[in-house]
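Asker: Residue numbers 1 to 199, in UniProt numbering, belong to the letters of the sequence shown in order.
Beta carbons: idealized from backbone N, C-alpha and C, even for Gly.
Can you read through this structure? Questions will come right after.
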Amino acid sequence: MADVADILPQLEQLDGEIDDLEDVLEPLLGSLADVAAKLPLLDKAKLYVLATYSIESMLFSALRLNSVDAKEHPVFKELTRVRQYFEKIKNIENPPQKPDMKLDKQAAIRFIRADLADNSEVNTQLTEMIAKERAKAALQARQQKGEKRKAGDPLQSTEASGEEGAEDSKAESEPAAKKSKKSKKNKDKKKSKEGKSAK
């Protein structure tokens with residue numbers, strides 16, 4: 001009996017707080033549909049999920065207070081389902097990051113070369129384009145290094161790097177053009193050998 005006397009003030013306080021809560025929630029729960037109609041779709045979903053969760057959690061608490069095994073009760077399953085809606089709303093608000101799609105230039109070049117190996121004109125153009133891209137990249141790298149160093153006359157360093165880049169692109173494109181001519185000659189030799197062996 002002494003334990004019950006100790007709890008009575010706390011129960012009275014809880015009763016008063018529940019009355020205050022009912023007064024505060026009255027406008028919201030009385031016209032939930034009216035409030036939801038004014039909200040955007042995502043906020044409307046949040047409102048309904050929160051209202052459902054609060055009602056279900058109060059039922060769960062009431063069951064626990066009445067010594068019912070609440071975890072075996074259907075209310076617990078309903079609470080679990082409502083929590084899943086919280087996760088869905090969170091995923092909609094903050095979608096998971098998708099990996100960035102990057103173009104693998106080297107793989108694309110390999111595909112194109114393999115597909116167009118017989119077409120020497122396209123192969124030569126592709127080789128020249130690759131050489132130009134490499135020259136541009138080298139030029140940009142040199143310019144960035146020049147900006148970081150800030151040594152000497154900036155115009156002179158840019159002009160010098162531009163001349164070097166042009167020389168590099170010529171140097172890179174010449175061997176590539178020679179390679180494509182050699183590969184064409186090798187193919188012609190193979191075809192002529194095959195033709196002779198067939199006779």
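So, helix, strand or coil for residue 210, using DSSP?
Answerer: No information on residue 210 is available, as it lies outside the stretch 1 to 199 that the chain covers here.
Asker: Look at V49 and I92 and say whether their C-beta atoms are less than 9 Å apart.
Answerer: No, they are not a contact pair.
Asker: Using the Cβ count rule (16 or more neighbours within 10 Å means buried), how would you classify G56?
Answerer: Here the sequence assigns Glu to residue 56, which means Gly is not the residue at that position. Looking at its Cβ environment, which holds 16 or more other Cβ atoms inside 10 Å, E56 is buried.
Asker: Report buried or exposed for D15, applying the criterion of at least 16 other Cβ atoms within 10 angstroms of its Cβ.
Answerer: With fewer than 16 Cβ atoms within 10 Å of its Cβ, D15 is classed as exposed.
Asker: Can the beta-carbon of L126 be found closer than 9 Å to that of R113?
Answerer: It is a contact, given that the beta carbons lie within the stated cut-off.
Asker: Buried or exposed, going by whether 16 or more other CB atoms sit within 10 Å of the CB of N94?
Answerer: Its Cβ having fewer than 16 others within 10 Å, N94 is exposed.
Asker: Buried or exposed: V82, going by 16 or more other Cβ atoms within 10 Å of its Cβ?
Answerer: The residue in question, V82, is buried, as its Cβ has 16 or more Cβ neighbours within 10 Å.
Asker: Return the CA-CA distance between I109 and L42, expressed in angstroms with no decimal places.
Answerer: Computed Cα separation, rounded: 46 Å.
Asker: May I have the straight-line CA-CA distance separating A37 from I7, to the nearest angstrom?
Answerer: Distance between the alpha carbons of A37 and I7: 43 Å.
Asker: Assuming L63 contacts V75 (C-beta within less than 8 Å), just tell me the rounded distance between them.
Answerer: Yes, L63 and V75 are in contact; Cβ-Cβ is about 6 Å, under 8 Å.
Asker: I'd like the span of the alpha helix (DSSP H) that includes A51, first residue to last.
Answerer: Its alpha helix (DSSP H) spans residues 41 to 65.
Asker: Compute the beta-carbon to beta-carbon distance between L32 and A51, rounded to the nearest angstrom, for a pair I have assumed lies under 8 Å.
Answerer: That belief holds up - the Cβ atoms of L32 and A51 are roughly 6 Å apart, short of 8 Å.
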